[in-house]
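Its first residue numbered 308, the sequence shown is counted upward by one per residue in the working numbering. Don't be surprised by glycine CBs; every beta carbon is placed ideally from N, CA and C. Structure first, commentary second.
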Amino acid sequence: MRFGILGPLRVGGGEATVTAGRDRVVLAMLLLRAGRVVPVEELVDAVWEERPPATAKAQLHSCVSRLRQRLAALGLPADVIVTDPVGYGIRVEPADLDFDVFARTVEAARAAVAAGQPAEARRHYRQALGLWRGPALSGIRSRAVRRRAQTLDEQRLAALEECVDVELRLRQAADLVDELAESVDRHPLRERLRGQLMLALSAMGRQADALAVYREGRRIYAEELGIEPGAALQELHQRVLAGDLALGGPENRAVAPVRSLPRAISDFTGRQQTMARLVKEIEEEGARIQLIDGMAGSGKTTLAVHVAAALADRYPDAHLFVDLHGHSERTPLTPAAAVATLLRQLGVPAERVPLDLDDRLAVWRSELAGRRALVVLDNAAGADQVAPLLPTGPDCLVLITSRRRLVGLDEGRPSSLPVLDPDEGIELLGRVAGQERVAAEPQAAAEVVRRCGYLPLAIRLAGARLAHRPRWRVADLAERLVTGGGPLAELAAGQRSVGQAFALSYAQVSPAAQRLFRLLGLHPGVRFDNRVAAALAELPLPETQDLLDELVDSHLAEEVEPGRYRLHDLIREYARLLLAEADRAAERRDALARLLDHHLHVAVAIAWTVEAAGSRPTLPAVTPTRPDLVAACAAGGRAWFEENLAALTALVRLAEEEGFPARCWQLARACWRPNFDGGHLDELIETHTIGLRVAEELGDEVAIAMMLNYLSSAYYRLARFPEAIRLMEVALDLRRRLGLRGEVLSTLWNLGASYAGNGEYRQGKAKFDEALALITGLNDAAELTNLQNNLCLALLGWGRYEEALHTARLHLLLARQTQDIRQTSHAVGHLGMIRHRMGDLAPARRLLRVALHLKRQTGNRYGEGEVRNEIGVMEREDGRPERAAALHREALVAMMEVGDRIGQCASRNLLARAILDQGDVSSALDLHRRVLTDATRLGARYEQARALDGIARCLRTSDPAAARSHWMRALALFRQVESPDQHEVVRLLAELD
308 MRFGILGPLR VGGGEATVTA GRDRVVLAML LLRAGRVVPV EELVDAVWEE RPPATAKAQL
368 HSCVSRLRQR LAALGLPADV IVTDPVGYGI RVEPADLDFD VFARTVEAAR AAVAAGQPAE
428 ARRHYRQALG LWRGPALSGI RSRAVRRRAQ TLDEQRLAAL EECVDVELRL RQAADLVDEL
488 AESVDRHPLR ERLRGQLMLA LSAMGRQADA LAVYREGRRI YAEELGIEPG AALQELHQRV
548 LAGDLALGGP ENRAVAPVRS LPRAISDFTG RQQTMARLVK EIEEEGARIQ LIDGMAGSGK
608 TTLAVHVAAA LADRYPDAHL FVDLHGHSER TPLTPAAAVA TLLRQLGVPA ERVPLDLDDR
668 LAVWRSELAG RRALVVLDNA AGADQVAPLL PTGPDCLVLI TSRRRLVGLD EGRPSSLPVL
728 DPDEGIELLG RVAGQERVAA EPQAAAEVVR RCGYLPLAIR LAGARLAHRP RWRVADLAER
788 LVTGGGPLAE LAAGQRSVGQ AFALSYAQVS PAAQRLFRLL GLHPGVRFDN RVAAALAELP
848 LPETQDLLDE LVDSHLAEEV EPGRYRLHDL IREYARLLLA EADRAAERRD ALARLLDHHL
908 HVAVAIAWTV EAAGSRPTLP AVTPTRPDLV AACAAGGRAW FEENLAALTA LVRLAEEEGF
968 PARCWQLARA CWRPNFDGGH LDELIETHTI GLRVAEELGD EVAIAMMLNY LSSAYYRLAR
1028 FPEAIRLMEV ALDLRRRLGL RGEVLSTLWN LGASYAGNGE YRQGKAKFDE ALALITGLND
1088 AAELTNLQNN LCLALLGWGR YEEALHTARL HLLLARQTQD IRQTSHAVGH LGMIRHRMGD
1148 LAPARRLLRV ALHLKRQTGN RYGEGEVRNE IGVMEREDGR PERAAALHRE ALVAMMEVGD
1208 RIGQCASRNL LARAILDQGD VSSALDLHRR VLTDATRLGA RYEQARALDG IARCLRTSDP
1268 AAARSHWMRA LALFRQVESP DQHEVVRLLA ELD
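So this is what it looks like as structure tokens:
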């Protein structure tokens, strides 16, 4: 291991290889968060705490440089410490850091405990504990380091206690007494350790010493905490007094032990964490009733049987099992029939089983009195069925499984089983179908378990199909799950099928819940809310909520958070199959229309609040059929779009597939602004491409032109300007022919912006002039406002600052007249940028601060990033590169959120300039080179030129010839796009001469 934090800080082979105090703190903080970036602010707090110097960040940079040099001298890779715009991080391989090795080894030990392998668990625990050389990071006094180190020390103690539990069960008490006594001396308030020491002493026959340990603990708790020992320690004290040795052999009983559990399957896979938690709750916390619920096929019975097998030794007198048939083709067992079955398993003669239920229950409880028994009540229909069967004695464990949540039981700890994770699913498939066979086709195996929804029953049936068809490849089954009769048709073997299991659950709910379940199969998203369900079902929201609760309790739906639900993939497929039956065609189409209308009406309602006044007339004119639901959803604003992004995109596809062409393109249009502002450009392109296709099929030229116009906006944001221009030219021709003056104007100014973005400022200016000629004299303030916004941007990029200033002032005047806060924020921001470029710094700062506030208010993340970049440049020019770098990092985050790739290139170029001014030439050079690669791929000539300029600035001292070459390339690009930056490059080249 290269790094050690489980004790004094160790690097390589020794503990003194990093001696500087600040360097040790920085390295410790990085190792405590290995594999992640630690923000600069956290590192500064750790090193200097409440009193950081003004030069803290520069000194931190020096610390990192020294650490890199020291680690390189020890033979470690140069890039082991990485620089990120946010801070620093350290890269470690799985075996490099002793704590990572410790954590993995402890997990292996816990898995062995859950699997019933105590000897293997002990080996792993001892191997993990052997990695410790003392308290974590001892010798480093930083409070931040100590807080995190104490967490590691706590994990060591927890592992020690778990290890001792295992060793006590392995009858190794004699080997533990000294270690436990020392640990109790160090941690006198830790009750679990004290109890383990009492158990070990009792097992050796040293009851007097065990009682002394208890008395000493009681005294300490009273003096230091003012409390009595906990219930568990008090109970252990009573057992020691009574001579009931916890680790002694089981009592000899006159009654023969009963063994009625079904065989635990050998290919049980996954659930290790759930197993470990259940075992811990039962063994350590005395949880004697466990409620295991989950959807059909989730492995509830299998888990219960394995938990029972793992704990069998603790309940030596009786292991009982009864299938209550709560969800099966048979009638559920009555409590009377169930208790009669249990009594027969206990060997009670038929003549001793009373006819009256209460009398039977009295016999049942009498038989269990004094026994340590384990009872599995499988497949319960509900709480009423199992409540009478619960034993009253403290020495019995009851495991109950059900497809319903047993909320009516007064006691019991619930555990709802999720599906398996992908790795567990593949492992289960391999155990059923053959490990080598599955390992030979890893991608196909991953696809099979994904198509099975990671549901254990489905994976087991899929594996059985493979096992009985040796000529099939795994890929053959994966293809059948996609292209055959559907996954449910393929997931069957003999009398068992996933569809049959779902049908049993479906049959148990009310007719109204069944109808809602069928309709929910239409929803294409991963999640949906209760309002969508109400719209689908045409029901009041409270009534819908009751039905959803019924589906959740039956595990036909999952409530992922209050009011938000999801259907498992296979359950959704089952619901779709139910609705696809011929006699439900009308029900299906009507529900689909309601689903599309609900989302369209909400999207339009929100779009009216977030779109500029000039673009609102192109929104679909709709009248909500459920205004109550639409208003409630629309109140969420943009957050509603973000939550329903995937569903909205899928609904556009569904509208095309199901023959709702008008709703298709209308929904795409209504979602444009949130998709554009939110950076969801892939979704924007997909929905508007589909919308364009259906509009063309309809022959609706107005819709065609609209789809072309808004589709081009995505290509504009992606810097694919030629494609954007091509689409807009087609839209312009259509709108001119149709006589749509307002739409012609918007297309002209968008074309102007696209030409300007492509560095073709003259062509862009021509389009703006054409648009201005159409507007003049028509007193259309909203349209003129949009035009002035785009024209100002083009003039600013072109370097024509006087014209840009005039345009920005007019833009601001118009925005204030129309009371358009979004356009006002644009105008104020442009004025600040222009003032900065013209050298009027004081007004520039004021304007940019106001613009930043307005852009935050309107939720314009792109605009926030743009303004932060401008303020960052001013900070750098004023000699504050650290502040500039922070602003550019914030801008980069905003540009990444909205998906603006050119904005990301711009932010990184400016960040690199700020880093260079801080003196970190290598980091700045690396960042500029990355931007050059990205900008070249995008065809963004201006950012290519800025990256080349930045590279030259980094190289001008160390390699003047290379700097000249890069500046010459930058100059050529700046001249191509007619950028004023060319003049600064000419000056720098002259200085180089």
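Check: What residues match up with R309 in a beta bridge as DSSP calls it?
Finding: What you label residue 309 is simply residue 2 of the sequence shown in a count that begins at 1. For R309, which the question treats as bridged, DSSP gives no partner whatsoever.
Notebook entry, point to check: beta strand (DSSP E) containing V705: first to last residue?
Noted result: For this step, residue 705 is matched to residue 398 along the sequence shown. Looking at the DSSP string, the run of the beta strand (DSSP E) that includes V705 is L704 to S709.
Checklist line | Residue nearest to N1176 in terms of C-alpha spacing, selected from P818, A1158, R767 and Q1164 | finding: The residue labelled residue 1176 in the question sits at position 869 within the sequence shown. When only C-alpha atoms are compared, the closest one is A1158.
Notebook entry, point to check: If we count the other Cβ atoms within 10 Å of its Cβ and call it buried at 16 or more, is W1274 buried or exposed?
Noted result: If you number the sequence shown from 1, residue 1274 lands on position 967. Per the 10 Å Cβ criterion, buried.
Notebook entry, point to check: Given I1141, which residues of its chain have a CB within under 7 Å of its CB, disregarding the five upstream and five downstream residues?
Noted result: Within the sequence shown, residue 1141 is the residue found at index 834, counting from 1. Around I1141: L1103, Y1108, A1111, L1112 and A1115.
Check: Is the segment 814-823 in contact with the segment 934-948, if contact means three or more CB pairs nearer than 8 Å?
Finding: no
Note to self: In the DSSP output, what is I397 paired with across the bridge?
What the structure shows: Working through the sequence shown from its first residue, we reach residue 397 at position 90. I388.
Checklist line | Neighbourhood of E963 by C-beta, 8 Å cutoff - its chain only, sequence neighbours within 5 removed | finding: As a working mapping, residue 963 is identified with position 656 in the sequence shown. The residues are C971, I997, R1000 and V1001.
Note to self: Let me check understanding here. Comparing Cα to Cα, which of Y1068, L1098 and T576 lies closest to A1078?
What the structure shows: As a working note, residue 1078 is residue 771 in the sequence shown. Nearest C-alpha to A1078: L1098.
Note to self: Between which two residues does the alpha helix (DSSP H) holding R923 run?
What the structure shows: Here residue 923 corresponds to residue number 616 of the sequence shown, with the count starting at 1. Looking at the DSSP string, R923 is not in any alpha helix (DSSP H), and its letter there is neither H nor E.
Check: So who's on the other strand from P564, going by DSSP bridges?
Finding: Taking the first residue of the sequence shown as 1, we reach residue 564 at position 257. Bridge partners of P564: none, in fact.
Item checked: A422 versus V473 - alpha carbon distance -> Locating residue 422 in the sequence shown gives position 115, counting from the first residue. Locating residue 473 in the sequence shown gives position 166, counting from the first residue. Between A422 and V473, the C-alpha separation is close to 13 Å.
Next item on the list: Report the residue ranges of all beta strand (DSSP E) runs contained in full by the segment 1151-1238; include only those spanning at least 3 residues, in chain order.
Entry: none
Next item on the list: Take L1296 and list the residues in its own chain whose beta-carbon comes closer than 8 Å to its own, dropping the five residues that flank it on each side.
Entry: To locate residue 1296, count along the sequence shown from 1; it is residue 989. These residues qualify, in order along the chain: R1271, W1274, M1275 and L1278.
Checklist line | Neighbourhood of L1309 by C-beta distance below 6 Å, restricted to the same chain and skipping five residues each side | finding: The structure shown does not extend to residue 1309, since the chain spans only 308 to 1300, so no value can be given for it.
Margin query: What would DSSP say about P721, mapped onto helix, strand or coil?
Written below: What you label residue 721 is simply residue 414 of the sequence shown in a count that begins at 1. Strand.
Next item on the list: Starting from A625, trace the beta strand (DSSP E) both ways and give me its first and last residue.
Entry: Along the sequence shown, read from residue 1 onward, the residue named residue 625 stands at position 318. Counting along the chain, the beta strand (DSSP E) containing A625 begins and ends at A625 to D630.
Note to self: Once DSSP output is grouped into helix, strand and coil, what is the label at S253?
What the structure shows: Nothing about residue 253 can be read from this structure; the chain reaches only from 308 to 1300.
Check: Got a sec? Which residues, its chain only, sit under 8 Å from V660 by beta carbon, not counting five neighbours each side?
Finding: Within the sequence shown, residue 660 is the residue found at index 353, counting from 1. Taken in chain order, the residues that qualify are A647, L650, R651, R667 and V670.
Check: Should the segment 341-349 be regarded as contacting the segment 386-398, the criterion being three or more beta carbon pairs within less than 8 Å?
Finding: yes
Checklist line | Per-residue burial, A1060 [other beta carbons within 10 Å of its own, 16 or more giving buried] | finding: Taking the first residue of the sequence shown as 1, we reach residue 1060 at position 753. The residue is buried, with at least 16 neighbouring Cβ atoms inside 10 Å.
Notebook entry, point to check: For the alpha helix (DSSP H) that I1032 lies in, which residues bound it at each end?
Noted result: Here residue 1032 refers to the residue found at position 725 of the sequence shown. Taken as a continuous stretch (DSSP letters only), the alpha helix (DSSP H) holding I1032 covers F1028 to L1045.
Notebook entry, point to check: Whose C-beta lies closer than 6 Å to the C-beta of R825 among residues of the same chain, with five residues either side of it excluded?
Noted result: What you label residue 825 is simply residue 518 of the sequence shown in a count that begins at 1. Within the same chain, R825 has close Cβ partners A882, L885 and L886.
Check: Are L798 and L768 touching if we call contact CB-CB under 8 Å?
Finding: By 1-based counting over the sequence shown, the position of residue 798 is 491. By 1-based counting over the sequence shown, the position of residue 768 is 461. Their beta carbons are under 8 Å apart, which means L798 touches L768 by this criterion.
Notebook entry, point to check: From which residue to which residue does the beta strand (DSSP E) around Y872 run?
Noted result: Residue 872 sits at position 565 when you count from the first residue of the sequence shown. Counting along the chain, the beta strand (DSSP E) containing Y872 begins and ends at R871 to R873.
Notebook entry, point to check: R615 and L716: beta carbons closer than 8 Å?
Noted result: Taking the sequence shown and counting its residues from 1, the one referred to as residue 615 is at position 308. Taking the sequence shown and counting its residues from 1, the one referred to as residue 716 is at position 409. In the sequence as displayed, the identity of residue 615 is Ala instead of Arg. Their beta carbons are not under 8 Å apart, which means A615 does not touch L716 by this criterion.
Next item on the list: Provide the residue span of the alpha helix (DSSP H) that contains D1007, from first to last.
Entry: For the purposes of this step, residue 1007 is identified with residue 700 of the sequence shown, where counting begins at 1. From DSSP, D1007 is part of no alpha helix (DSSP H); its letter is neither H nor E.
Checklist line | Whole alpha helix (DSSP H) elements within the segment 351-390, 4-residue minimum | finding: 363-380
Checklist line | DSSP three-state assignment for D516, whether helix, strand or coil | finding: On the sequence shown, position 209 is the one that residue 516 refers to. Correct three-state label for D516: helix.
Item checked: Cα-Cα separation between D485 and Q503, rounded to whole angstroms -> Position 178 of the sequence shown, counted from the start, is the residue given in the question as residue 485. Position 196 of the sequence shown, counted from the start, is the residue given in the question as residue 503. Distance between the alpha carbons of D485 and Q503: 12 Å.
Notebook entry, point to check: By Cβ distance, which residues of its chain are closer than 7 Å to L952, with the 5 residues on each side in sequence left out?
Noted result: By one-based count along the sequence shown, residue 952 stands at place 645. Only H987 and E990 meet the Cβ criterion.
Notebook entry, point to check: Looking only at its own chain, which residues have a Cβ that is under 7 Å from the Cβ of I733, when we skip the five neighbours before and after it?
Noted result: As a position in the sequence shown, residue 733 is number 426, starting the count at 1. Answer for I733: V745, A752, A753 and V756, listed in chain order.
Notebook entry, point to check: Nearest to L374 by CA position, among L334, E718, E357 and A363, is which residue?
Noted result: Within the sequence shown, residue 374 is the residue found at index 67, counting from 1. L374 has its Cα closest to that of L334, out of L334, E718, E357 and A363.
Checklist line | Backbone secondary structure at L404 - three-state DSSP | finding: Counting from 1 along the sequence shown, the entry for residue 404 is found at position 97. Three-state DSSP puts L404 in a strand.
Check: Of all the options E1189, A747, R1033 and A1269, which has the alpha carbon lying nearest to the alpha carbon of D1224?
Finding: Locating residue 1224 in the sequence shown gives position 917, counting from the first residue. Measuring from the Cα of D1224, the nearest candidate turns out to be E1189.
Checklist line | Residues of its chain near R429, where Cβ-Cβ distance is below 7 Å and the 5 sequence neighbours each way are ignored | finding: The residue you call residue 429 lines up with position 122 of the sequence shown. C470, V473, E474 and L477.
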